[in-house]
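Asker:
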Amino acid sequence: MKTLHTIAELREAVAAAGGAPAFVPTMGNLHEGHLALVRQARQQADAAGGGPVVASIFVNRLQFAPHEDFDSYPRTLQRDAELLQATGCDLLFAPNEAELYPEPQTFRLHPDPALADVLEGAFRPGFFGGVCTVVLKLFNAVQPRLAVFGKKDYQQLMVVRRMVSQLALPVQVLGGETARADDGLALSSRNGYLSAAERAEAPALARALRELAAQVQAGARDFKAQEARALAALRERGWAPDYVALRRQHDLAEPLGAPGEALVVLTAARLGRTRLIDNLELPPLR
Ligand code: PAF
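Numbering (our numbering), first residue to last: 1 to 286.
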């Protein structure tokens, strides 16, 4: 695996490897969830007759609010590079800030508010604008044939899909399943912030999603009441939830409850000082 730090070097390496890469963008501090996305990209590349797999590592300042953890976000490039190499990645793009943002990035994307200003976007204003701006820039640098994004960041996947479709970008966007610890906790770089006691409590978030999903599958259709019950149960356990929301999978709009509708339940909640997100797709309503 080669590590490239500039867009020019990257483009040269991609061309030398045959072009049309499969791409996994990340912010580093990689865990099994990221590596599963790289494996998915590798499989796709091999199924299409070869072609390189590119991963990027860049902690994108534009998607962090001033009070968030941009400065303390774990940066573990050496270890990440070793993991990527062992997982079948061909090229690692690891630009520094001056390479990706040589001047203040005043030209930014403003994604569809109906999709991007709700849920995460309501609690992290500007977050998806920052994500879209860097993802578009990374797509322009890497020029991938396809890109794999984790379903763990479900709303991000939907926003990126909408961006790709509305801007007619020549990239196929694939979703990768969420990797979980044995106790159900969704893997996340931010799990490393949890104390031992918080780590023991953390699987309660995924459990809350499973319970809500089971109630809907059993026929409950008063979605607001279900959400309120889940929020109250989390608060009772000491969490500070931002939202628990049942939404339609494809556009994250409020569900109608019609047969055949495919829903997802999404949540973000703070445990101590750590904010965790998770979600669960439900089978189509009967
Ligand atoms: O999901 C992430 O790690 C980031 O939001 C992404 C897509 C790499 C953009 O910075």
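Ideal placement from N, C-alpha and C gives every residue a C-beta, glycine not left out.
Can you give the Cα-Cα distance for G51 and A16, rounded to whole angstroms?
Answerer: Straight-line Cα distance between these residues: approximately 10 angstroms.
Asker: Which complete beta strand (DSSP E) runs does the segment 123-209 hold, if anything under 3 residues is left out?
Answerer: Whole beta strand (DSSP E) segments, 3+ residues: 146-150, 172-176.
Asker: Under 6 angstroms Cβ to Cβ from H34, same chain only, skipping five residues before and after it: list those, please.
Answerer: Counting only Cβ-Cβ distances below 6 angstroms, and skipping sequence neighbours, we find T26.
Asker: Please report the straight-line C-alpha distance between G192 and E12, rounded to a whole angstrom.
Answerer: Roughly 36 angstroms separates the two Cα atoms.
Asker: Using C-beta distances below 6 angstroms, list every residue in its chain close to F23, excluding the 5 sequence neighbours before and after it, in chain order.
Answerer: Here the set comprises V54, V142, P144, A147.
Asker: Please go through the same chain and pick out, in chain order, the residues whose beta-carbon is closer than 6 angstroms to the beta-carbon of Q155, but skip the five residues on each side of it.
Answerer: Within the same chain, Q155 has close Cβ partners L119, E120.
Asker: Which of the three DSSP states, helix, strand or coil, is assigned to V118?
Answerer: Coil, per DSSP.
Asker: Starting from the Cα of D242, find the closest Cα among A230, A179, N29 and give me that residue.
Answerer: Taking only the C-alpha atoms, the option nearest D242 is A230.
Asker: In the DSSP assignment, what residue or residues form a beta bridge with I277?
Answerer: Answer is A268.
Asker: If you draw a straight line from the alpha carbon of A245 to that of Y73, how long is it in whole angstroms?
Answerer: For A245 and Y73, the distance between alpha carbons rounds to 27 angstroms.
Asker: Identify the continuous beta strand (DSSP E) that holds R247 and give its terminal residues.
Answerer: Taken as a continuous stretch (DSSP letters only), the beta strand (DSSP E) holding R247 covers 240-248.
Asker: Taking the C-alpha atoms as reference points, what is the distance between A218 and A122?
Answerer: Their backbone Cα atoms lie some 30 angstroms apart in a straight line.
Asker: Across which residues does DSSP place A55 in a beta bridge pair?
Answerer: Answer by DSSP bridge pairing, in chain order: V24, L92.
Asker: On the DSSP bridge assignment, give the partners of L4 in chain order.
Answerer: Looking at the DSSP assignment, L4 forms a beta bridge with F93.
Asker: May I ask you to list the residues that DSSP assigns as paired with L256?
Answerer: In DSSP, L256 forms no bridge with anything.
Asker: Return yes when the C-beta of V134 is under 7 angstroms from any heavy atom of the ligand PAF, and no when it is not.
Answerer: V134: yes, Cβ under 7 angstroms from the ligand PAF.
Asker: In terms of alpha-carbon separation, which member of E99, R108, R210 lies closest to H5?
Answerer: Residue E99 is the option with its Cα nearest to H5.
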